[in-house]
Amino acid sequence: MTAARLPRAGDALKQGVLLLAAFMALVPTLFMVLTALKSDEDHAINKLGLPETIVTEHFRSVLIDSPFLAWMANSFILVAGAVLLGTIVSCLAAYAIACMEFRGRDTLLAASTSLMAVPPIVMIVPLFVLYTQLGLISTYQGAIIIYAGLITPFSVYLLTTFFRTVPKELFESAHIDGAGHFLILLKIVLPLSLPALVTLVVVNSLYVWNDLLIAIIFLQEDSKRTLMAGISVFQGRYNNQVPLTMAGMVIASAPMFILYVTFQKHFIRGLMAGAIK
Amino acid sequence: MNPSSRLTPYLYVMPLLALLAFVFGYPLIRIFEFSFKMVRGINGPWIGFRNYELVLTQSLFWESILHNLQLLLAIPAMVIISLLVSILLYERVAGWRIYRIIVFVPFVLAIPIIAVVMKRMFQFSGPVNEFLRWLSLDFLALDWIGSSDVALWTVMILIIWRESALGIILFLARLLSLDESMIEAARLEGASWWQRVWYIILPQMRGVIEFFVVVSVITMLAAVFAYVFVMGGGRGGPGTSTTVVELYIFNALIRTSLPGIASAASVLLFLVSVLLIFPLFSARRRAREQEG
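First to last, the sequence lines map onto chains A and B. In terms of my numbering, the first sequence opens at residue 104 and continues consecutively. In terms of my numbering, the second sequence opens at residue 86 and continues consecutively.
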């Protein structure tokens with residue numbers, strides 16, 4: 104009797120703990136969405152509850168009266184540019200490291216991998232001084248190069264590990280057929296590594312999209328602001344208009360949220376791989 | 086092998102070398118040079134250790150370091166929360182797939198966004214305090230954002246909230262690679278939940294826990310800029326109560342235009358991160374060995 108009841112009590116406790124964890128994980132999101140839908144008056148007297156009536160006015164004013172969409176476009180350009188550049192550079196290097204013999208190969212991999220542990224802030228000062236001199240502050244290409252550089256050590260590490268698992272016989276038979284290295288990389292290695300590539304693109308896009316440090320230092324001009332840098336400015340300006348601010352945050356988090364819910368499998372795999380960083 | 090094919094590998098790694106040399110190599114050499122110069126604009130005269138003297142005798146710098154060190158206190162809480170949640174997810178408690186999607190959410194949301202939201206939640210007249218008063222816990226209804234005694238602890242709550250999601254992700258990945266037969270055998274032998282966790286699961290997770298701790302130490306010392314920048318209103322406020330070393334460097338470079346000072350602080354931070362690279366790599370190696 105007791106033996107049968109005990110596990111059930113344990114299960115209830117486990118359910119309770121997970122429910123609490125899930126609730127804590129979601130509370131800020133719930134607060135953000137519910138508050139964004141309230142009118143200012145409603146929010147003033149009712150901070151915890153559901154909106155009295157659903158108000159979408161704040162979303163309209165964020166989208167129309169603020170440069171939110173322009174910031175998003177900037178972030179998107181940076182993500183696309185940096186992830187593309189970083190991935191191409193990393194694929195080429197990882198292929199050489201995993202599939203060719205050359206002097207300094209292991210040193211290169213070790214050096215590149217150890218750069219993962221260097222905090223980005225350390226590189227900021229000389230790059231900022233150099234960029235000021237070259238007129239690269241507030242340019243897309245300047246920021247894209249930095250982002251591409253920052254995401255590359257992890258990408259090379261992940262891709263090298265993955266490329267090494269591609270069976271050697273495949274290369275050899277391709278070699279005999281007269282295929283060059285580039286063709287092998289393009290036609291054999293990359294298609295076989297598609298899962299790793301998707302994972303990598305997910306992790307790196309998330310990094311660039313979410314970054315504040317580089318964005319705030321290297322893209323100072325208003326027209327070049329990224330979403331994250333824009334938000335930091337935006338929230339100070341509308342300090343006491345909480346529902347309006349929250350509407351902005353809902354819009355800002357929507358792209359990644361939608362991607363996460365749609366591609367959860369890739370995201371979860373990507374997050375798990377990215378965590379080993 | 087003909088000469089051209091001997092050069093081929095270098096052709097493939099050339100772009101990588103160029104990119105890393107520019108983004109990491111050049112700055113890492115220059116911060117050392119700048120740290121011994123009085124840089125105005127783009128260059129300046131050598132001044133020996135003056136920058137270091139200035140940095141090391143400034144109380145704000147030491148206060149910043151102290152704040153980074155205080156953030157280390159978040160790590161035990163992160164480890165315990167992550168362990169608990171990941172083990173329960175691993176046990177496939179009913180609805181675990183949904184729970185997994187939900188508990189990863191904090192890591193998907195960008196830090197600036199979540200910091201803006203949390204700042205509103207923790208305002209003196211905000212929902213958190215309203216909730217605490219509703220529970221008759223008025224003494225806990227602190228001025229979470231506006232009081233310089235409390236502000237850094239509020240930042241810490243935010244950090245625990247988000248970085249625990251990383252721990253859950255890491256630990257769950259490790260748990261999913263465990264050999265289940267041993268846990269099943271222990272269950273059949275009548276081992277309680279605690280016994281199974283303590284004697285069978287935790288010893289096998291030592292590697293990944295160590296790895297998470299080292300990664301978190303690096304985060305707390307050198308990667309909390311986005312948290313404090315937004316929570317502290319861009320200035321590490323109120324007063325200087327949430328200033329950290331990264332913000333100190335940022336202020337020296339951008340607000341007061343003293344690249345020499347910023348470089349000296351960067352060099353010190355870099356040396357700390359070099360010291361941490363070795364534990365990081367050995368923890369990573371151990372974590373992987375345990376997995377293999």
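Heads up, the beta-carbon is just placed ideally off N, CA and C, and yes, glycines get one too.
Exposed or buried, which one is residue i when buried takes at least 16 other CB atoms within 10 Å?
i	result
Ile268 (chain B)	buried
Asp114 (chain A)	exposed
Ser296 (chain A)	buried
Ile157 (chain A)	exposed
Trp219 (chain B)	exposed
Ser308 (chain A)	buried
Leu105 (chain B)	buried
Val202 (chain B)	buried
His161 (chain A)	buried
Thr341 (chain B)	exposed
Ser178 (chain A)	buried
Trp279 (chain B)	exposed
Gly211 (chain B)	buried
Phe265 (chain A)	buried
Ser120 (chain B)	buried
Asn136 (chain B)	buried
Lys141 (chain A)	buried
Leu261 (chain A)	buried
Just the Cα atoms here: how many angstroms apart are residue i and residue j?
i	j	result
Gly281 (chain A)	Glu275 (chain A)	10 Å
Gln236 (chain A)	Asn128 (chain B)	10 Å
Pro130 (chain B)	Phe257 (chain A)	37 Å
Val330 (chain B)	Thr268 (chain A)	41 Å
Val318 (chain A)	Leu168 (chain B)	The sequence shown places Ala at residue 318 (chain A), rather than the Val named in the question. C-alpha separation (whole angstroms): 34 Å.
Phe189 (chain B)	Asp314 (chain A)	18 Å
Pro346 (chain A)	Phe310 (chain B)	26 Å
Val192 (chain A)	Val186 (chain A)	10 Å
Trp181 (chain B)	Ile294 (chain B)	22 Å
Phe296 (chain B)	Leu306 (chain B)	16 Å
Val193 (chain B)	Glu118 (chain B)	38 Å
Glu324 (chain A)	Lys368 (chain A)	37 Å
Val108 (chain B)	Leu151 (chain A)	47 Å
Val98 (chain B)	Leu230 (chain A)	23 Å
Leu173 (chain B)	Ile199 (chain B)	26 Å
Leu322 (chain A)	Leu330 (chain A)	11 Å
Thr132 (chain A)	Ile334 (chain A)	16 Å
Ser232 (chain B)	Leu129 (chain A)	26 Å
Trp147 (chain B)	Ile286 (chain B)	41 Å
Leu288 (chain A)	Gly252 (chain A)	22 Å
Ala372 (chain B)	Leu141 (chain B)	37 Å
Ile180 (chain A)	Tyr243 (chain A)	8 Å
Leu96 (chain B)	Ala196 (chain A)	9 Å
From the DSSP secondary-structure annotation, give me the bridge partner or partners of residue i.
i	result
Arg125 (chain B)	B:Asn128
Here's a check: name, in chain order, each residue in its chain whose Cβ is nearer than 8 Å to the Cβ of residue i, leaving out the five neighbours to either side.
i	result
Lys204 (chain B)	Ile230, Val315 and Met316
Ile339 (chain B)	none
Arg272 (chain B)	Arg281
Leu361 (chain B)	Val299, Val302, Ile303 and Leu306
Asp234 (chain B)	Ser326
Phe370 (chain A)	Val305, Leu362 and Tyr363
Ala276 (chain B)	Tyr284 and Ile285
Met219 (chain A)	Pro256, Phe257, Tyr260 and Lys380
Excluding the five sequence neighbours on either side, which residues of its own chain have a C-beta within less than 6 Å of the C-beta of residue i, listed in chain order?
i	result
Ala159 (chain B)	Met241, Ile244 and Ile245
Ile116 (chain B)	Ser348, Ser351 and Val352
Gln97 (chain A)	Residue 97 (chain A) lies beyond the residue range present for chain A, which begins at 104 and ends at 380; the question has no answer from this structure.
Ile166 (chain B)	Ser249
Leu239 (chain A)	Gly245
Ala379 (chain B)	Absent from the structure is residue 379 (chain B), since the part of chain B shown begins at 86 and ends at 377.
Can you list, in chain order, the residues of its chain with a C-beta nearer than 7 Å to that of residue i? Leave out the 5 residues immediately preceding and following it.
i	result
Thr255 (chain A)	Gly189, Val192 and Ser193
Met86 (chain B)	Here the model assigns Met86 (chain B) a pLDDT of 46, short of 50, so the residue's position is not dependable, and the following value carries that caveat. No residues qualify anywhere along the chain.
Gln208 (chain B)	Ile230
Ile150 (chain B)	Val330
Met163 (chain B)	Ile245, Glu248, Ser249, Gly252 and Ser301
His146 (chain A)	Thr138, Val345 and Pro346
Val170 (chain B)	Val188 and Ile253
Val353 (chain A)	Met135, Val136 and Ala139
Val313 (chain B)	Val240, Gly321, Thr327, Val329 and Leu332
Tyr341 (chain A)	Leu347 and Thr348
As an exercise, report each continuous alpha helix (DSSP H) stretch of at least 4 residues that is fully enclosed by the segment 131-196 of chain B, in chain order. Qualifying alpha helix (DSSP H) stretches, in chain order: 135-141, 144-156, 159-175 and 181-193.
Report the residue ranges of all alpha helix (DSSP H) runs contained in full by the segment 320-352 of chain B; include only those spanning at least 4 residues, in chain order. Runs found: 330-335.
Which runs of the alpha helix (DSSP H), 4 residues or longer, sit entirely within the segment 298-364 of chain A? Within the segment 298-364 of chain A, the alpha helix (DSSP H) runs of at least 4 residues that lie entirely inside it are, in chain order, 316-321 and 330-340.
As an exercise, report each continuous beta strand (DSSP E) stretch of at least 3 residues that is fully enclosed by the segment 197-232 of chain A, in chain order. With a minimum length of 3 residues, no continuous beta strand (DSSP E) run stays inside the segment 197-232 of chain A.
Could I get the ranges of all uninterrupted beta strand (DSSP E) runs contained in the segment 121-206 of chain A, with 3 residues as the minimum, in chain order? Those beta strand (DSSP E) runs which fall completely within the segment 121-206 of chain A and span 3+ residues do not exist here.
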